[in-house]
Amino acid sequence: MASKPSKSELTKQFIIEKTAPVFNEKGYAGTSLADLENATGLTKGSIYGNFENKDEVALAAFDYNFNQVSTYIKEKIETHEHAIDRLLVYPDIYRKFFKIPFLKAGCPILNTSTESDDTHPQLKEKAANALRLWRTSVENQIKRGIARKEIKADTDPIEFAVVLLSLIEGAVMQAKVTERNKELGIAMNYLEKLIRDRQV
8 MASKPSKSEL TKQFIIEKTA PVFNEKGYAG TSLADLENAT GLTKGSIYGN FENKDEVALA
68 AFDYNFNQVS TYIKEKIETH EHAIDRLLVY PDIYRKFFKI PFLKAGCPIL NTSTESDDTH
128 PQLKEKAANA LRLWRTSVEN QIKRGIARKE IKADTDPIEF AVVLLSLIEG AVMQAKVTER
188 NKELGIAMNY LEKLIRDRQV
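Reading the sequence shown from the start, the letters are residues 8 to 207 in our numbering.
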């Protein structure tokens, strides 16, 4: 039987959950201690009593944000059996980008990588690892589809995964900058066509 989390563990989790959306929206540099205090309702002493510094909070917040997005996508994928339907989950989710609360602030990988490329090596590494995990997951979906004769055998899993991720991240960036769905819709329609064209 699993032991109940301690008060300290519960407080840490509370801080992570409350600050994660702030870090994703404002970025590491743009998030101040006052933002963390406002988000949690806790004092500096309470926050830094549980975390060594802002870096530690930011790293934990990134993990939380990425896990939230990947869990959401995984749950949607697992409701489908056919490989093409599984891949179509991606354009379907990202078409609704502005309607999904934890996606509205943007993709945590994109947000973190653009900000931390030169300023925060640990965050950059987290973003790079998350991107690799996501790409590997898409590659595995394609390999599974090829093995099940649901995806054309000449489909290159790496190439297709790179294009899929690039289309999504590029479209999300444009949607965030313009605050409109038009470009996002065009890119997701194109991605859907690419996916459907791979069906056996």
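Here a beta-carbon is modelled for each residue, glycine too, at the ideal position from N, C-alpha and C.
Same chain, Cβ closer than 8 Å to residue i, five either side skipped, listed in chain order
| i | result |
| --- | --- |
| Gln206 | Ile91, Glu157, Ile158 and Lys159 |
| Cys114 | Val76, Ile175, Glu176 and Val179 |
| Asn5 | Only positions 8 to 207 of the chain appear in the structure, and residue 5 is not among them; the question remains open. |
| Ile54 | Ile22, Leu40, Leu43, Glu44, Thr47 and Val64 |
| Ile84 | Arg93, Val96 and Gln148 |
Residue i - DSSP class collapsed to helix/strand/coil
| i | result |
| --- | --- |
| Ile153 | helix |
| Ile107 | coil |
| Lys189 | helix |
| Pro115 | helix |
| Asp163 | coil |
| Gly52 | helix |
| Lys131 | helix |
Cut-off 7 Å between Cβ atoms - residues of its own chain near residue i, not counting five sequence neighbours on either side
| i | result |
| --- | --- |
| Asp42 | Val29 and Lys33 |
| Leu130 | Tyr35, Ala65, Leu66, Phe69, Thr119 and Ser123 |
| Leu94 | Gln148 and Ile202 |
| Lys150 | Pro164 |
| Tyr79 | none |
C-beta neighbour in chain D for residue i, strict 9 Å
| i | result |
| --- | --- |
| Lys11 | Note that chain D does not occur in the displayed structure, where there is just one protein chain. |
Cross-strand partners of residue i (DSSP beta bridge)
| i | result |
| --- | --- |
| Ile158 | Gln206 |
Same chain only: Cβ atoms within 6 Å of residue i, ignoring 5 sequence neighbours per side
| i | result |
| --- | --- |
| Ser144 | none |
| Lys19 | Asn57 |
Does the stretch 70-86 come within contact of the stretch 20-27, defined as at least 3 CB pairs closer than 8 Å?
These segments touch.
Note down, one range per segment and in chain order, each alpha helix (DSSP H) of at least 4 residues found wholly within the stretch 56-90.
61-84
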